[in-house]
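Let me begin by presenting the structure, written as structure tokens, before commenting on it.
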Ligand SMILES: [Zn+2]
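In my numbering, the protein residues as written are 7 to 474.
Take a look at the structure:
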């Protein structure tokens with residue numbers, strides 16, 4: 007009865023996006039960069055869900071990171087009825103050229119369904135199942151197991167929440183909230199902020215954890231929770247009694263290495279509460295540590311014979327900057343140790359391959375790699391002079407490694423703004439851009455392997471070839 011089928015691994019899921027309408031261009035306040043929304047959103051769901059949660063908190067605090075490029079109003083990340091991502095004005099007064107009013111999103115739809123079910127039989131059943139499971143577990147203080155009782159804020163007096171079920175365990179107060187269908191993401195974030203401030207822990211409980219249902223309503227819980235979700239049902243209640251311990255059905259994503267590629271697979275298993283990692287600081291509870299497993303695989307993927315390939319590339323580009331030795335020979339030697347599953351440039355140009363790698367490595371190390379410069383801003387200017395079409399890649403690399411503040415540094419900001427504006431024009435105006443990008447396209451798998459953090463920007467850079 008508890009047999010689970012583990013599906014085959016696949017590539018981490020990339021978001022589908024709404025191509026036009028809504029807020030088509032946004033500005034990222036952390037960098038000052040303007041992005042075409044469709045390009046910006048076409049990235050891993052895991053990352054988008056993180057942006058979405060953070061942006062909700064920032065909107066609530068009145069200092070959004072993402073704004074409409076046209077009217078400056080803060081924008082929220084939303085999903086259409088077909089589960090395509092788009093940006094919507096947080097407040098819409100009809101004055102902006104981009105309008106998203108009157109459109110019923112999947113969030114609205116799910117939230118309506120959810121509200122309809124709030125006091126329905128399913129909700130009542132779930133509260134009972136959670137309470138029954140808790141009473142079987144001696145580590146929870148019996149007196150503390152309460153249903154629909156107000157949790158008054160101590161940190162912010164006057165604030166309160168009413169968790170579906172709450173209980174104390176070893177001094178930690180846990181709020182069990184039932185997710186029947188999507189709750190509005192801003193409501194989820196408000197609850198998260200409350201319990202975080204109160205030193206409690208918010209624990210979402212689902213009715214089931216099936217992969218095929220995932221996209222319907224689990225992603226909002228799954229991605230912010232280190233890719234783990236938990237469910238309680240009649241069967242797990244019986245197991246809680248048998249184990250004398252709170253027991254769940256757990257669904258989680260497991261990153262796996264498949265050759266030179268990172269994939270992930272959906273796993274399901276029965277877990278006991280004592281097997282879980284409680285992380286109140288980040289408001290997470292997980293059985294499997296996805297983040298840690300993934301960073302280990304990403305590191306291992308770029309380690310060959312114990313040597314970090316990124317360091318090898320950095321040393322090659324430094325040699326080129328210093329003009330010492332025969333750099334082409336060094337490249338040929340390095341190439342022999344690289345996976346032959348990918349196509350690698352014959353020489354040191356490769357349609358701008360090495361410029362792309364230089365941008366990435368410079369941003370990674372925080373100092374110029376491929377030229378003898380003093381400051382990263384010089385690398386940025388130089389790259390925009392020779393390859394204005396690399397702007398999406400450059401901005402993504404600087405952002406990924408936390409270097410974007412250099413663009414708003416008052417010493418450089420005005421000059422950079424001018425250079426950036428010129429690059430946007432030059433990228434499509436320069437007649438050889440197409441030639442370079444066509445040549446670069448064959449190295450896309452190699453670039454994605456070397457620079458997985460900026461995969462979305464590699465795609466956006468190459469997409470400039472596509473007819474608009
Ligand atoms: Zn607007």
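Using N, Cα and C, we set each Cβ at its ideal position, and we do this for glycine too. None of the values given here were measured: they were computed from a predicted structure.
Within this structure, are the beta carbons of residue i and residue j separated by less than 8 Å?
{"i": "residue 433", "j": "residue 403", "result": "no"}
{"i": "residue 442", "j": "residue 376", "result": "no"}
{"i": "residue 281", "j": "residue 293", "result": "yes"}
{"i": "residue 28", "j": "residue 104", "result": "yes"}
{"i": "residue 49", "j": "residue 61", "result": "no"}
{"i": "residue 352", "j": "residue 326", "result": "no"}
{"i": "residue 545", "j": "residue 322", "result": "It is not possible to answer for residue 545, since the shown part of the chain is limited to 7 through 474."}
{"i": "residue 151", "j": "residue 141", "result": "yes"}
{"i": "residue 15", "j": "residue 264", "result": "yes"}
{"i": "residue 206", "j": "residue 179", "result": "yes"}
{"i": "residue 42", "j": "residue 31", "result": "yes"}
{"i": "residue 74", "j": "residue 101", "result": "no"}
{"i": "residue 195", "j": "residue 59", "result": "yes"}
{"i": "residue 199", "j": "residue 63", "result": "yes"}
Please report the straight-line C-alpha distance between residue i and residue j, rounded to a whole angstrom.
{"i": "residue 65", "j": "residue 448", "result": "41 Å"}
{"i": "residue 143", "j": "residue 246", "result": "7 Å"}
{"i": "residue 338", "j": "residue 346", "result": "13 Å"}
{"i": "residue 7", "j": "residue 244", "result": "Here residue 7 scores only 46 on pLDDT, less than 50, and its place in the model is too uncertain to base an answer on."}
{"i": "residue 25", "j": "residue 296", "result": "31 Å"}
{"i": "residue 469", "j": "residue 444", "result": "10 Å"}
{"i": "residue 396", "j": "residue 409", "result": "16 Å"}
{"i": "residue 418", "j": "residue 412", "result": "7 Å"}
{"i": "residue 456", "j": "residue 250", "result": "48 Å"}
{"i": "residue 385", "j": "residue 365", "result": "7 Å"}
{"i": "residue 256", "j": "residue 334", "result": "52 Å"}
{"i": "residue 208", "j": "residue 463", "result": "34 Å"}
{"i": "residue 458", "j": "residue 94", "result": "28 Å"}
{"i": "residue 430", "j": "residue 422", "result": "12 Å"}
{"i": "residue 277", "j": "residue 172", "result": "20 Å"}
{"i": "residue 187", "j": "residue 225", "result": "11 Å"}
{"i": "residue 467", "j": "residue 362", "result": "10 Å"}
{"i": "residue 148", "j": "residue 137", "result": "10 Å"}
{"i": "residue 275", "j": "residue 156", "result": "33 Å"}
{"i": "residue 168", "j": "residue 154", "result": "6 Å"}
{"i": "residue 414", "j": "residue 383", "result": "11 Å"}
{"i": "residue 68", "j": "residue 348", "result": "46 Å"}
{"i": "residue 230", "j": "residue 128", "result": "25 Å"}
{"i": "residue 190", "j": "residue 55", "result": "13 Å"}
Here's the rule I'm using: 16 or more other beta-carbon atoms within 10 Å means buried, otherwise exposed. How should residue i be labelled?
{"i": "residue 218", "result": "exposed"}
{"i": "residue 201", "result": "buried"}
{"i": "residue 232", "result": "buried"}
{"i": "residue 401", "result": "buried"}
{"i": "residue 158", "result": "exposed"}
{"i": "residue 166", "result": "exposed"}
{"i": "residue 311", "result": "exposed"}
{"i": "residue 460", "result": "buried"}
{"i": "residue 330", "result": "exposed"}
{"i": "residue 240", "result": "exposed"}
{"i": "residue 234", "result": "buried"}
{"i": "residue 242", "result": "buried"}
{"i": "residue 97", "result": "exposed"}
{"i": "residue 437", "result": "exposed"}
{"i": "residue 184", "result": "buried"}
{"i": "residue 302", "result": "exposed"}
{"i": "residue 314", "result": "exposed"}
{"i": "residue 472", "result": "exposed"}
{"i": "residue 99", "result": "exposed"}
{"i": "residue 215", "result": "buried"}
{"i": "residue 13", "result": "exposed"}
Can you tell me the Cβ-Cβ gap for residue i and residue j, rounded? I've got them flagged as a contact below 8 Å.
{"i": "residue 89", "j": "residue 22", "result": "7 Å"}
{"i": "residue 182", "j": "residue 212", "result": "Their Cβ separation, rounded to whole angstroms, is 11 Å, which puts residue 182 and residue 212 out of contact at 8 Å."}
{"i": "residue 266", "j": "residue 307", "result": "6 Å"}
{"i": "residue 204", "j": "residue 160", "result": "6 Å"}
{"i": "residue 261", "j": "residue 300", "result": "4 Å"}
{"i": "residue 252", "j": "residue 139", "result": "5 Å"}
What residue from the options has the CA that sits closest to residue i's CA?
{"i": "residue 192", "options": "163, 84, 129, 14", "result": "84"}
{"i": "residue 228", "options": "238, 81, 272", "result": "272"}
{"i": "residue 259", "options": "298, 253, 266", "result": "298"}
{"i": "residue 324", "options": "300, 379, 57, 306", "result": "379"}
{"i": "residue 424", "options": "332, 452, 406, 394", "result": "394"}
{"i": "residue 17", "options": "230, 454, 285, 362", "result": "454"}
{"i": "residue 372", "options": "391, 437, 406", "result": "406"}
{"i": "residue 342", "options": "44, 319, 363, 362", "result": "319"}
{"i": "residue 360", "options": "56, 392, 156", "result": "392"}
{"i": "residue 146", "options": "177, 435, 309", "result": "177"}
{"i": "residue 20", "options": "40, 13, 44, 38", "result": "44"}
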